[in-house]
Amino acid sequence: MFLLDVLQTILLFKAQLLSQFAPSGRGPTGGAFDCSVDDIKSLLPDGSKLLYASHYDADDRFTPPLEHNSGAFRISSYTLPRSACVFQANLTLPGETEHSVGVVLPDDWNGRFLTAGNGGFSGSVSWGSIIDASWYGFAAVSTNTGHESSGAEWAYHNQEALANWGYRAMHDAVVNGKSVTEQYYGKKIAYSYYRGCSAGGKQGLKEVEMFPYDFDGVIAGAPAWWTTHLQLWNMIVGIWNSPADSPHHLSNEHIDLLANEVIRQCDPQDGVEDGIVMNPDACIFRPEALLCVEDVTDLSNCLNTEQIKTVYKLHNDWMEANDTFIFPHLTLSSEWKWSGLVSSPASLGTDYVKWMLQLGEDWSWEDWDPELIKLSDELNPGNATTDDYDLSPFYNKGGKLLHYHGWSDWSIAAGSSIYFYDQVVNALRPKGINPGDFYRFYLIPGMG
Ligand SMILES: [Ca+2]
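Written out as structure tokens, the structure reads:
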């Protein structure tokens, strides 16, 4: 550590010295380096490949090149809110692998550093998030987590790629992003933050658990933290509602009918009729209000008894043999988007089994077997699950964690965040740590 500190001091001194002779390039006032390809290349670790670096004025458009961002759900064009240096580079990771990082360095830097998370199976730089951050003056970094793909095929027989996705790429992006930022501006970073939602929420918690010194503050939204169970749950709720031609299947019309009935019954129970259910777990809901009566002819406006059983299954925790709790239930008021999850077994689950549990492309949801839960726990692909609940190292170094989850979340049951919070409380209270001193958890009514 001492040697690293000395090295950093020398580099910073060099940067300050150089700044006196800096060319009038495009970069921060007084900085030692400008946004030229040569300068940015010199800031990167050995073995890196700088793909491009350009300076943009405020209101200029930046379009990430498709060839380096093919895993994005769609290629967008962004307006730079402030003048900034933008670059993308491939950095090396163990096992002769690499990941791609995008970096935005605003000219008018606020002295802080922000890392942005990803979504889904997370295979592309989150350009929108880091460009947004530059509006506030943050220097910001995002990684593609080691692959360019929104699916999970890359994980098949590839433990290095799984480790990159699970935690290695993110940590590497933070370490190198910080180093580049401090060299570029010739100043130490005052504070380092993280922001991410869904898969990004999980990445934030993983950092808190594995690399507590990376961040001073972390915002983890709706974290997909329980990878080993969540991905299977994403699929099993669709299996419970399959096949589509069975009497127990809830069609999209029936789901809409149910969603409206939940709001009709639950909204007023919190005392304010505003279309929002303040506390879904406090609502007493009776789906039987939707039961088809005898001789009804229009079956699209009511539910049969088999469909009511499916509703019960979806509104209750996933339990397996011997009362084993696997995953929490979908909350009341999450029904508005159930069609996106339960219409058929979701690829978030089937892709997970095929490529991350390594069962291959021939596996289909009809092959479901509860033994897969055990396999998932044993493999814990990429060590991505964040179940090391003892957050005391992060607390002890002064870190702050802000965690939120929408009560009406239809893709990651809100109860999984409640469960996580409770486990942290169980881990920290006996150590004399009051979680409220550094960890705030918010459930947000109406947020999906
Ligand atoms: Ca209400």
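Numbering-wise, the sequence shown is residues -19 to -1, 1 to 429 according to mature numbering (1 follows the signal peptide of the UniProt record, and there is no 0).
All residues carry an ideal CB built from backbone N, CA and C; glycine is no exception.
Please tell me whether, using a cut-off of 7 Å, the distance from the CB of residue i to the nearest non-hydrogen atom of ligand 1 is below it.
{"i": "V334", "result": "no"}
{"i": "M337", "result": "no"}
{"i": "M428", "result": "no"}
{"i": "I354", "result": "no"}
{"i": "D255", "result": "yes"}
{"i": "M300", "result": "no"}
{"i": "V292", "result": "no"}
{"i": "D262", "result": "no"}
{"i": "D251", "result": "yes"}
{"i": "M216", "result": "no"}
{"i": "V243", "result": "no"}
{"i": "D248", "result": "yes"}
{"i": "M259", "result": "yes"}
Label residue i either buried or exposed according to how many other C-beta atoms from any shown protein chain fall within 10 Å of its C-beta, with 16 as the threshold for buried.
{"i": "F2", "result": "Any reading at F2 needs caution, since the residue's pLDDT is 37, under 50, leaving its predicted position unreliable; the model's value is listed next. By the neighbour-count rule (16 or more Cβ atoms within 10 Å), F2 is not buried but exposed."}
{"i": "S5", "result": "Residue placement at S5 is poorly supported in this model, since its pLDDT is 36, which falls under 50; the coordinates still yield a value, given next. S5 is exposed by the Cβ-count criterion."}
{"i": "R93", "result": "buried"}
{"i": "G341", "result": "exposed"}
{"i": "P26", "result": "exposed"}
{"i": "K412", "result": "exposed"}
{"i": "K335", "result": "buried"}
{"i": "Y172", "result": "exposed"}
{"i": "I265", "result": "exposed"}
{"i": "W116", "result": "exposed"}
{"i": "A263", "result": "exposed"}
{"i": "F54", "result": "exposed"}
{"i": "E188", "result": "buried"}
{"i": "S398", "result": "buried"}
{"i": "Y423", "result": "exposed"}
{"i": "Y166", "result": "buried"}
{"i": "S314", "result": "buried"}
{"i": "P351", "result": "exposed"}
{"i": "Y194", "result": "exposed"}
{"i": "D418", "result": "exposed"}
{"i": "I56", "result": "exposed"}
{"i": "L(-3)", "result": "Only weak support exists for where L(-3) lies, its pLDDT of 41 falling under 50; the coordinates are left without a value."}
{"i": "A270", "result": "exposed"}
{"i": "S23", "result": "exposed"}
{"i": "S177", "result": "Note on identity: in this sequence residue 177 is Gly, with Ser being the wrong assignment. The residue is buried, with at least 16 neighbouring Cβ atoms inside 10 Å."}
Between residue i and residue j, which are expected to be in contact by the criterion C-beta below 8 Å, what is the C-beta distance as a whole number of angstroms?
{"i": "V323", "j": "L280", "result": "With 8 Å as the limit, V323 and L280 do not qualify as a contact, their Cβ atoms being about 19 Å apart."}
{"i": "G363", "j": "G147", "result": "3 Å"}
{"i": "E287", "j": "H235", "result": "E287 to H235, Cβ: 11 Å. No contact."}
{"i": "A203", "j": "S179", "result": "5 Å"}
{"i": "I289", "j": "L272", "result": "7 Å"}
{"i": "I220", "j": "P87", "result": "Not a contact, Cβ separation roughly 48 Å."}
{"i": "G181", "j": "G100", "result": "6 Å"}
{"i": "I158", "j": "Y174", "result": "Before going further, note that residue 158 is Gly rather than Ile in the sequence given. That pair is no contact at about 12 Å."}
Taking Cβ to Cβ, would you say residue i is nearer than 8 Å to residue j?
{"i": "V122", "j": "S81", "result": "no"}
{"i": "S29", "j": "N71", "result": "yes"}
{"i": "G127", "j": "F102", "result": "no"}
{"i": "residue 486", "j": "N260", "result": "Nothing about residue 486 can be reported from this structure: the residues present for the chain run from -19 to 429 only."}
{"i": "G118", "j": "W90", "result": "yes"}
{"i": "Q212", "j": "Y370", "result": "no"}
{"i": "L311", "j": "P268", "result": "no"}
{"i": "A97", "j": "A114", "result": "yes"}
{"i": "I217", "j": "E301", "result": "no"}
{"i": "H138", "j": "F192", "result": "no"}
{"i": "P426", "j": "I257", "result": "yes"}
{"i": "S373", "j": "I307", "result": "no"}
{"i": "E190", "j": "T367", "result": "yes"}
State yes or no: is the beta carbon of residue i nearer than 8 Å to at least one beta carbon in chain D?
{"i": "G380", "result": "Included in the structure is just one protein chain, with no chain D present."}
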